[in-house]
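Right, one structure below, let's go through it.
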Amino acid sequence: MIHNVIVLGSGPAGYTAALYAGRANLKPLMIDGGVGQGQEMQGAGGQLMLTTEVENYPGFEHGIQGPDLMQVMRKQVQRFDVQIVEEMADRVDLSSRPFTITAAGKEYQCKTLIIATGASAMWLGLPEERPAHEGGLGGRGVSACATCDGFFFRGQHVAVVGGGDTAMEEAIYLTNHCATVTVVHRRDSLRASKIMQERALKNPKIKFVWNSKIERINDPAAGEVTSLTLRNVVTGEQSELPVTGLFVAIGHRPNTSLFRGVLQTDESGYLVTHNDVRTNVVGVFACGDVQDTEYRQAITAAGSGCMAAIQAERLLEAENSGIESTSETW
Ligand SMILES: Cc1cc2nc3c(=O)[nH]c(=O)nc-3n(C[C@H](O)[C@H](O)[C@H](O)COP(=O)(O)OP(=O)(O)OC[C@H]3O[C@@H](n4cnc5c(N)ncnc54)[C@H](O)[C@@H]3O)c2cc1C
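Sequential numbering from 87 applies to the sequence shown in the working numbering.
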């Protein structure tokens, strides 16, 4: 059987793409990511499975828990003719159409492919960063997204770990809400671009702790962040930084290893798209965080999932009417 559309991934982008493709009668197949591999690679539901309160997804007046939002999206998709395979795709052949996707040893073929495999925030690897349901403080004071969670820390003292542009952006953004923001960086200078450095360094609410790494986030037993235990990597000295929140801003890794050498990526591995969601291969679309280095929000991911499904539908419709898309016209 050759499917009209296969959607890879079941975060906000994947569910929205499947919803639109399902309602367009395309009978999409979704390969949802299965059980995943923890924080480094989430399974079905994607990144929002790692968080608690989501207050900025429209339609939920009082906010909603991340996993509940993803459950609602899944149920909504299941109302339509969407087949869900609870696996992770492990191989793709995009050399000719129909494309072939392999998951758990089984091959699936499709005329169009929508890639919504997202990205994973990079973490320090401390046990306290794990989600709350695993006994950690993830979503309970430890976050990887200031735009998402900064609001919860109004008037409080927080820390950001990292030294690149993302860390500076997160720190500057947090000064809109927080009393102070302490940037903890393991070197004595920043990697961030000059302009971002200047903005952060002259912001009176931002302080810097140089040459230091975080050894422990306190206090999982209390169920909240009370302080960080730091170690100066030059002197070996240990110190305590009293904060109620920690934002880990050491980068994101797009989930694109399957497409390396096949689809065009930027220097960080994100899929490059044109006309919003088209990749360099005719019939292959990408949406959500896997192609977004700028916004990385559930609503923007959902929006681009909608675009990808509409574009796939239009391509199929054009082809059914005998109009071929070539790499020149794509
Ligand atoms: C801790 C945290 C809190 C956040 N809070 C908010 C918030 O409050 N508001 C907000 O708007 N945004 C928030 N975000 C950002 C938001 O989660 C992302 O922008 C959004 O989830 C991106 O959606 P996506 O569908 O592109 O990808 P993801 O959510 O990353 O989902 C990717 C999906 O692809 C699957 N996948 C990966 N590889 C494969 C494969 N090979 N085969 C099949 N499936 C695969 C994964 O299993 C997953 O299901 C938060 C992020 C984090 C980490």
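Using N, Cα and C, we set each Cβ at its ideal position, and we do this for glycine too.
In the DSSP assignment, what residue or residues form a beta bridge with residue i?
i	result
residue 192	189
residue 217	224
residue 364	360, 371
residue 139	151
residue 176	Answer by DSSP bridge pairing: none, since residue 176 is not bridged.
residue 331	244
residue 326	315
residue 170	116
Among the residues of its own chain, which have a CB less than 6 Å from the CB of residue i, if the five just before and after it don't count?
i	result
residue 248	335, 336
residue 312	304, 305
residue 320	297
residue 195	88, 184, 186
residue 230	207, 334
residue 355	340, 342
residue 251	278, 279, 282
residue 177	188
residue 301	315, 317
residue 42	Given that the chain is displayed from residue 87 to residue 416, the structure contains no residue 42 and the question cannot be resolved.
residue 294	269
Quick check: does the Cβ of residue i come within less than 7 Å of any heavy atom belonging to ligand 1?
i	result
residue 376	yes
residue 354	no
residue 417	This structure cannot speak to residue 417, because the chain is shown only from 87 to 416.
residue 236	no
residue 99	yes
residue 262	no
residue 211	no
residue 208	no
residue 117	yes
residue 137	yes
residue 231	yes
residue 92	no
residue 87	no
residue 357	no
residue 387	yes
residue 307	no
residue 160	no
residue 46	Within the shown structure, residues of the chain are numbered from 87 to 416, placing residue 46 beyond reach of any answer.
residue 334	no
Assuming the contact rule is C-beta atoms closer than 8 Å, residue i and residue j should be a hit. Round their C-beta distance to whole Å, please.
i	j	result
residue 115	residue 370	With a Cβ gap of about 15 Å, residue 115 and residue 370 do not count as contacting.
residue 368	residue 412	7 Å
residue 132	residue 153	The Cβ separation is near 10 Å, so there is no contact.
residue 119	residue 130	5 Å
residue 282	residue 255	7 Å
residue 91	residue 105	About 12 Å; that fails the 8 Å criterion.
residue 144	residue 409	36 Å between Cβ atoms; not a contact.
Would a C-beta distance cut-off of 8 Å place residue i and residue j closer than the cut-off?
i	j	result
residue 393	residue 358	no
residue 205	residue 317	no
residue 395	residue 374	no
residue 77	residue 213	Residue numbering for the chain in the displayed model covers 87 to 416; residue 77 lies beyond these limits and cannot be assessed.
residue 168	residue 189	no
residue 197	residue 344	no
residue 299	residue 272	yes
residue 159	residue 101	yes
residue 372	residue 365	yes
residue 117	residue 398	no
residue 107	residue 121	no
residue 109	residue 166	yes
Give me, in chain order, the residues of the same chain whose beta-carbon lies closer than 8 Å to that of residue i; leave out the 5 immediate sequence neighbours on both sides.
i	result
residue 260	232, 236, 239, 244, 246, 267, 333
residue 341	95, 127, 203, 204, 205, 206, 376
residue 291	261, 264, 265, 266, 267
residue 215	125, 209, 222, 223, 224, 228, 303, 334
residue 234	137, 140, 142, 383
residue 162	101, 105
residue 352	358, 379
residue 361	397
residue 193	186, 187
Might you give, ordered along the chain, the residues of its own chain that have their beta carbon closer than 7 Å to the beta carbon of residue i, omitting 5 neighbours on each side?
i	result
residue 225	136, 137, 138, 217, 218
residue 329	243, 244, 245, 268, 311, 313, 314
residue 149	139, 140, 141
residue 309	226
residue 289	258, 261
residue 326	313, 315
residue 416	364, 368
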